[in-house]
Amino acid sequence: MTPGVKPGCPGHCSSYGNLCHNGGKCVEKYNGYFCDCTNSAYEGPFCKEEVSALFEAGTSVTYTFQEPYPVTKNASTSSSAIYVDAVVSKENIAFSFLTAHTPSLLLYINTYFHEYLAVILSKN
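Converting from the sequence shown to my numbering requires adding 4 to each position, the first position being numbered 1.
Spelled out as structure tokens, the structure:
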């Protein structure tokens, strides 16, 4: 139990929690609250400011998502066998861009199963 806090006393999040936007979670503090924007693409006191990045021509960011299953320690099992039971899930992605250069590769995603998605800006 937190010193000075009595059970049943409504917290700040019960009154102001709706001020956290875009999936931000209200977290109680002793003298107020804050919005935890960790699991969103937003930042700021109320999770309303989009996180953005600036890339120069020829630069990129690479991110490797975690494999669906941990790699097995049994050397006799082929690496493809660990993906047999993988469940295909739905993913959503949203992005915006501003560029003066074409052609441009804006987004490229590939999977273990050799499927890919590419968003390319062409000259026309």
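Cβ atoms here follow ideal geometry from the backbone N, Cα and C, with glycine treated the same way.
Is the distance from the Cβ of residue i to the Cβ of residue j below 9 Å?
i: D40; j: G28; result: yes
i: A181; j: E54; result: Since the displayed the chain opens at 5 and closes at 128, residue 181 lies outside it and no answer follows.
i: F99; j: L110; result: yes
Only counting the same chain, and skipping five residues up and downstream in sequence, which positions put a Cβ closer than 6 Å to that of residue i?
i: A122; result: Y112
i: L23; result: F50
i: Y34; result: none
i: F101; result: L110
Would you mind giving the Cβ-Cβ distance between residue i and residue j, rounded to the nearest angstrom? I have them listed as a contact below 8 Å.
i: G36; j: C30; result: Actually they are not in contact, since the Cβ atoms of G36 and C30 sit about 10 Å apart, beyond 8 Å.
i: A61; j: H105; result: 6 Å
i: F50; j: H16; result: Going by Cβ atoms, the distance from F50 to H16 rounds to 13 Å, so no, they are not a contact pair.
i: P107; j: K94; result: At roughly 30 Å, the Cβ-Cβ gap does not stay under 8 Å, so P107 and K94 are not in contact.
So, at 7 Å on beta carbons, what are the nonlocal neighbours of residue i in its own chain, with the 5 sequence-adjacent residues on each side left out?
i: F38; result: V31
i: T115; result: none
Residues in its own chain within less than 8 Å of residue i by CB, not counting five upstream and five downstream?
i: K52; result: H25, N26 and Y46
i: Y120; result: Y112, I113 and N114
i: P14; result: none
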